[in-house]
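Down below is the structure, laid out as structure tokens.
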């Protein structure tokens, strides 16, 4: 009998944005390379001993994306709300009980209101960062939406916000890991799969070139923590860097198979 539960894991794409090297890197490549950004939410679904979805198993959603209104304000097109796209892999946002929030940037916690039953799992340091003195500075504040932060305060007072202090197991086979770097309290998620430990880096490594080549993304709270975070991500994946999934790399959609028939370009299965 398997000692640690395993999960199937999907990356669901809901938006795309063309980008150049100078827009996304500190010390960018000298040529004007294309580095487009895809926007994802992720979901982990428990499997039984035979590799089938566990009857009554509860999916864990990681991040909730942003909606069309915020996308329009920021020049990003949302073709379909990510909360609705989760239905393509058999997950109803209205029934989800646990959402892991990697960090509170607009593209990771928008649509929180589409998950009415969910508890939101967040690092202490991220909430402190998003509501503290650093938000007096425009460059830090830019990637946050005030109403999303207010929503998390309401979730707190409604008993639906769960704080974590550093590395913690959420449930068998899924753990949270404080990384820092991109923001003060960004966390990544380690998930046990049929192929071993999979690490959803989220924006602890925006692209494969982050964790693979120590490249630095342009939005950063601490360069030192970002670089140390790459080492931690690889350690969490037992040294298998191919098991570390970046937060915005468009190559994710070509490196992994579609989640199912008709889901090409929409969702890929990471496990």
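In full-length UniProt numbering, the protein residues as written are 1 to 271.
Even glycine gets a Cβ: it sits at the ideal position worked out from N, Cα and C.
Restricted to the stretch 51-95, the beta strand (DSSP E) segments that are unbroken, complete and at least 3 residues in length are 60-62, listed in chain order. The continuous alpha helix (DSSP H) containing residue 129 extends over residues 124-131.
The beta-carbon separation of residue 230 and residue 210, rounded to 6 angstroms, stays under the 8 angstroms limit for a contact. Annotation for residue 177: no alpha helix (DSSP H) segment contains it, though the beta strand (DSSP E) segment containing it runs 174-178. Taking C-beta atoms under 8 angstroms as the contact rule, residue 233 and residue 25 fail to qualify, at a distance of about 18 angstroms.
Around the CB of residue 3, fewer than 16 other CB atoms lie within 10 Å, so the residue is classed as exposed. With respect to residue 113, residue 151 sits close: the two C-beta atoms are nearer than 8 angstroms. Proximity to residue 9 across 71, 21, 244 and 166 peaks at 244, based on C-alpha coordinates.
Secondary structure of residue 264 (DSSP, three-state): coil. Residue pairing for residue 188: DSSP places it in a beta bridge opposite 177. Membership of residue 235 in the alpha helix (DSSP H) is indicated by the continuous run 223-236. Distance from residue 12 to residue 86 at the Cβ level is roughly 6 angstroms; contact confirmed, criterion being Cβ atoms closer than 8 angstroms. The Cβ atoms of residue 62 and residue 91 do not sit closer than 8 angstroms to each other. At the C-beta level, residue 121 and residue 96 stay beyond 8 angstroms of one another. Sequence-distant partners of residue 32 (beyond 5 residues in either direction) whose C-beta falls short of 6 angstroms from its own C-beta, in its chain, are 20. Sequence-distant partners of residue 80 (beyond 5 residues in either direction) whose C-beta falls short of 8 angstroms from its own C-beta, in its chain, are 14. The Cβ atoms of residue 239 and residue 204 do not sit closer than 8 angstroms to each other. DSSP places residue 253 inside the alpha helix (DSSP H), whose first and last residues are 252-255.
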